[in-house]
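Participant: 1075 is the number of the first residue of the sequence shown in the working numbering; add one for each residue after it.
Don't be surprised by glycine CBs; every beta carbon is placed ideally from N, CA and C.
Attaching a single structure in structure tokens format; questions to follow.
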Amino acid sequence: MKNLLREKLLKGEKCIGTFFVMGGSTAVEALSYADMDFMIIDTEHGPYDIESSQEYIRTAKLSGMTPCARVKDHSRASILKMLDIGAEALIIPCIETVGEVKKIVEYGKYFPLGRRGVALGRTAGFGYEPFATEKGLTGYFETCNRETMLIPQCETLGILENIEEIVSIEGVDGIFIGPYDLSVALGKPGQFGNEEFKNAVNRVSKAVHAVGKFLFIFAGNAADTKRYFDEGIDA
């Protein structure tokens, strides 16, 4: 099991991905020809659930893209099932407190970092992949904890005001800034050039990179993507 997105980010590469909202495995396969590093299956705003997401994840892996998913909420069931079907990074929305982030780690990381329920599903070759057999459960846990990424979404004042503590939690692999909802939370809807919004993004970026983790953000066009890359955002 190898998370190619994580591998590229660790090398300092800038990565580009997209939210997947079209539906259909053929659309995933076609998307891979756009040289995307990753795709995010949107089960928060999109119409997808576990059964369809599993097909998209499988196709993405076969096509060389890292399959990520934005879960519908931060419940145990949403996090556990999406990891079990093979999502290699989870974007978790609607976070308000440090305690909620600690629960995400509990649900999404195996012992000793968390209490993720043990399953040897398709990601582990149903128990026959070498990383799931050669070193027993200890080796399996280590690989999954390392290669699957938990990425809370910064879109509320609660997570912004506690960002330094949140990114320091072991098991949190990065932060995804949701600029639209964050701007609304700041009382500046869609005003991405507003100083308060820019200061918020800078605060998150500083906190994330101070502890060697990864920062993602949604960008609506190529110009914004380049600007965010220039400002040090990773993907």
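When the Cα atoms are used, what is the spatial distance from T1222 to E1238?
Facilitator: Approximately 22 Å between the Cα atoms of the pair.
Participant: Give the single residue among K1146, S1106, T1117 and E1170 whose Cα lies nearest to the Cα of T1133.
Facilitator: The shortest Cα separation from T1133 among K1146, S1106, T1117 and E1170 belongs to S1106.
Participant: Please tell me whether I1131 and G1097 are closer than 9 Å, where the distance is taken between their beta carbons.
Facilitator: No, Cβ-Cβ distance for I1131 and G1097 is not below 9 Å.
Participant: Taking the beta strand (DSSP E) that C1228 belongs to, which residues open and close that run?
Facilitator: Run containing C1228: M1223 to C1228, per the beta strand (DSSP E) assignment.
Participant: Let's see if you can read the secondary structure: which residues bound the beta strand (DSSP E) around T1140?
Facilitator: Where T1140 is concerned, the enclosing beta strand (DSSP E) stretches over T1140 to R1144.
Participant: Considering only the beta carbon of each residue, do P1253 and V1275 sit closer than 9 Å?
Facilitator: Yes, these two residues count as a Cβ contact at 9 Å.
Participant: Thinking C-alpha only, which one of K1155, E1305 and F1290 is nearest M1113?
Facilitator: Selected option, being the one with the closest Cα: F1290.
Participant: Please name the residue, chosen from K1146, L1136 and A1101, that lies closest to E1118 on a Cα-to-Cα basis.
Facilitator: Selected option, being the one with the closest Cα: K1146.
Participant: Hey, quick one: how far does the beta strand (DSSP E) through F1303 stretch, first residue to last?
Facilitator: Unbroken run through F1303 is the alpha helix (DSSP H), A1296 to D1304; no beta strand (DSSP E).
Participant: What residue ranges within the segment 1107-1135 form continuous beta strand (DSSP E) runs of no fewer than 3 residues, ordered along the chain?
Facilitator: Whole beta strand (DSSP E) segments, 3+ residues: 1112-1116.
Participant: Using the C-alpha atoms, what's the distance from G1120 back to V1095?
Facilitator: Cα to Cα, the separation comes out at about 6 Å.
Participant: Quick test of your reading: V1241 and K1287, contact by CB under 8 Å. State the CB separation rounded to the nearest angstrom.
Facilitator: V1241 to K1287, Cβ: 6 Å. Contact.
Participant: Taking A1309 and C1089 to be in contact with their CB atoms under 8 Å, please state how far apart those CB atoms are, rounded to whole angstroms.
Facilitator: Rounded, the Cβ-Cβ distance is 4 Å, consistent with contact.
Participant: For E1162, is the classification buried or exposed, using 16 other Cβ atoms within 10 angstroms of its Cβ as the cut-off for buried?
Facilitator: Classification for E1162: buried.
Participant: Please state whether the Cβ-Cβ distance between I1243 and I1225 is less than 9 Å.
Facilitator: Against a cut-off of 9 Å, the Cβ pair of I1225 and I1243 comes out as no contact.
Participant: Counting along the chain, where does the alpha helix (DSSP H) carrying I1271 start and finish?
Facilitator: The residue asked about is misnamed: residue 1271 is Phe in this sequence, not Ile. E1269 to A1284 is the extent of the alpha helix (DSSP H) around F1271.
Participant: Looking at the secondary structure, which residues open and close the alpha helix (DSSP H) in which G1173 lies?
Facilitator: Element bounds for G1173: V1172 to G1182.
Participant: Look at the Cβ atom of R1080, then the Cβ atom of D1247, and state whether they are nearer than 9 Å.
Facilitator: Yes.
Participant: Give the straight-line distance between the Cα atoms of E1216 and Y1184, rounded to the nearest whole angstrom.
Facilitator: The straight-line gap from Cα to Cα measures roughly 8 Å.
Participant: Taking C-beta to C-beta, are M1075 and E1203 nearer than 9 Å?
Facilitator: Contact: yes.
Participant: On the three-state DSSP scale, how would you describe A1161?
Facilitator: Note: A1161 maps to coil in three-state DSSP.
Participant: Spatial neighbours of K1300 within its chain, please: C-beta separation below 6 Å, excluding the five flanking residues on both sides.
Facilitator: Contacts found: none.
Participant: Tell me the DSSP bridge mates of T1092?
Facilitator: DSSP output for T1092 lists M1113 as bridge partner(s).
Participant: Going by C-alpha distance, which of G1213, K1209, R1220 and A1259 is nearest L1231?
Facilitator: Answer by Cα proximity: A1259.
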